[in-house]
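J.: Sequential numbering from 770 applies to the sequence shown in my numbering.
Please find one structure pasted underneath; my questions will follow.
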Amino acid sequence: MKQVITFFLAIILNFAVYKHSISMENGDCLSQLEIISKIIDSRKSSLSGASPLAVNNIIQFWRVGEAINSPINIVMSSFFDKTELANSAISYIKEEGEKLGGLLEWWVFSETTPKNMNKLLENSGFEQSYSLKVMIYYLNNELIDVHDDKHISVYPLGVELIRDWIDILKRAYNFNGCFDEDLYQDYIKRGINSGVTEYYSGYYLGELAATAGLFKGNDYGFIYTTATDEKFRRKKLATQIIQVLLNRAKELGLKYVILECDESIVELYKKIGFEEAFCIERFHLKS
């Protein structure tokens, strides 16, 4: 741990001005780096848990995924002013990843430097596995008119339904082969009682059909663990449960809500009122 932190603190970085930002209605701006920082903050209390490996102004390196018995070591942000420094860091992180075990992932977005980081990663044995869109919703004082369907109801998750709630997540995210259910249940139970996270269940005709979670930051919310049982899809369940969480965030006095999603459902979130902020390309080290 100390070696990792010392190594990166020793690198001198000349920060560039972050030109790309997302404007809020009140005139404030969120840079991509600020949004990434809030995503990282939400991971600290996420279902899978997170522990820092190196955290400073140059690199954010975390280990997550213990709860699904499939740990991933993730470089969530990195900024180097020289290609040589980036290559040295990649080599060092690869060595550390081998010692730690588990997958090694590196996030790249438009503010990542150097600008050819994706090529440097590919030349070092990484490959792009997938991309996620970061979406943001700016909250005002008015509550959203929630989609009204008498067949759908949304309630906070009760402890007695955790196992059924988890089953929906397992099927949606293909967790079945790498899942420590006892540990995962423990994360959710602690989350329900922590005051930092809230979990919700969506029902269709009284049957549990969808899941979602809301992490509560200082001035923002982060929506995650969203899933809909396959047989209940295309029934507006996701729309209604997200709208309920947005209203909850407004009640809590939060300013905005962030989430990550696949390209295929970007339009769904835009219809709800989210804006597309930027894209995170995720690279995995080939194994």
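Just so it is clear, CB atoms sit at the ideal spot from N, CA and C, and this is done for glycine as well.
Taking R1051 as part of the beta strand (DSSP E), name the residues at either end of that continuous run.
T.: Where R1051 is concerned, the enclosing beta strand (DSSP E) stretches over 1044-1054.
J.: From the DSSP output, in three-state form, read off L974 for me.
T.: Reduced to three states, the DSSP call for L974 is coil.
J.: Just the Cα atoms here: how many angstroms apart are E844 and T994?
T.: In the sequence as displayed, the identity of residue 844 is Val instead of Glu. Using only the alpha carbons, I get a separation of about 21 Å.
J.: What first and last residue would you give for the alpha helix (DSSP H) that runs through G866?
T.: 852-869 is the span of the alpha helix (DSSP H), which, as asked, contains G866.
J.: Is it buried or exposed for G796, if we count other Cβ within 10 angstroms and need 16 for buried?
T.: Its pLDDT being 46, under 50, G796 is placed unreliably by the model, and the measurement read from it follows with that caveat. Its Cβ having fewer than 16 others within 10 Å, G796 is exposed.
J.: Could you tell me the distance, in whole angstroms, from the CA atom of Y972 to the CA atom of D917?
T.: C-alpha separation (whole angstroms): 13 Å.
J.: Cα separation between A1007 and I992?
T.: If you take the alpha carbons of A1007 and I992, they lie about 12 Å apart.
J.: Give the secondary structure of F878 by DSSP, where H, G and I count as helix, E and B as strand, and everything else as coil.
T.: Here F878 sits in coil by DSSP.
J.: Give me, in chain order, the residues of the same chain whose beta-carbon lies closer than 7 Å to that of L1054; leave out the 5 immediate sequence neighbours on both sides.
T.: Here the set comprises K863, G866, L873, G894, F895.
J.: Is Y989 near the ligand SAH, in the sense that its beta carbon is under 7 Å from a heavy atom of that ligand?
T.: For the structure depicted, the ligand SAH is absent and the ligand set is empty, with no information on it obtainable.
J.: Around the C-beta of Y1038, are 16 or more other C-beta atoms found within 10 angstroms, so that it is buried, or is it exposed?
T.: The residue is buried, with at least 16 neighbouring Cβ atoms inside 10 Å.
J.: By Cβ distance below 6 Å, which residues in the same chain neighbour C1048 in space, the five residues on each side in sequence not counted?
T.: Excluding sequence neighbours, C1048 sits near S900, K902.
J.: How long is the line joining the alpha carbons of G1042 and T980, rounded to whole angstroms?
T.: Going from the Cα of G1042 to the Cα of T980 covers about 20 Å.
J.: Excluding the 5 residues flanking M886 on each side, which residues of the same chain have their C-beta closer than 6 Å to its C-beta?
T.: Only V877 meet the Cβ criterion.
J.: Alpha carbons only, please: which of K1000, L977, I921, W875 is nearest the one belonging to I935?
T.: Nearest C-alpha to I935: L977.
J.: Whether or not the segment 1013-1030 and the segment 902-916 are in contact is what I'm after, with contact meaning three or more pairs of Cβ atoms, one per stretch, closer than 8 Å; do they touch?
T.: The answer is yes - the segment 1013-1030 touches the segment 902-916, with three or more Cβ pairs under 8 Å.
J.: For L1014, which of K1005, E891, E967 has the nearest alpha-carbon?
T.: With distances taken between Cα atoms, L1014 lies closest to E967.
J.: Whose C-beta lies closer than 8 Å to the C-beta of K1005 among residues of the same chain, with five residues either side of it excluded?
T.: Excluding positions up to five away in sequence, the list reads H916, D918, I921.
J.: Could you check if R932 is buried or exposed, using at least 16 other CB atoms within 10 Å of its CB as the buried criterion?
T.: Exposed, because fewer than 16 other Cβ atoms sit within 10 Å of the Cβ of R932.
J.: Can you tell me whether N842 is helix, strand or coil according to DSSP?
T.: Strand at N842.
J.: Since Y924 and V1026 are thought to touch, with beta carbons under 8 Å apart, how far apart are those beta carbons, to the nearest angstrom?
T.: About 20 Å; that fails the 8 Å criterion.
J.: Would you mind listing the beta strand (DSSP E) stretches within the segment 893-940 that are 3+ residues and don't spill past its ends, in chain order?
T.: DSSP runs (the beta strand (DSSP E)) wholly in the segment 893-940: 895-907, 921-925.
J.: Taking the alpha carbon of M904 as the point to measure from, which residue in R1003, L1028, E1032 has its own alpha carbon closest?
T.: M904 has its Cα closest to that of L1028, out of R1003, L1028, E1032.
J.: Hey, how far is the Cα of S898 from the Cα of F1052?
T.: Spanning the two alpha carbons is a distance of roughly 6 Å.
J.: Under 8 Å between the Cβ atoms of G982 and L1023?
T.: For G982 and L1023, no; Cβs fall outside 8 Å.
J.: Quick one: residues in its chain with C-beta nearer than 6 Å to the C-beta of S846, no 5 flanking neighbours on either side, listed in chain order?
T.: Only I805, Q829 meet the Cβ criterion.
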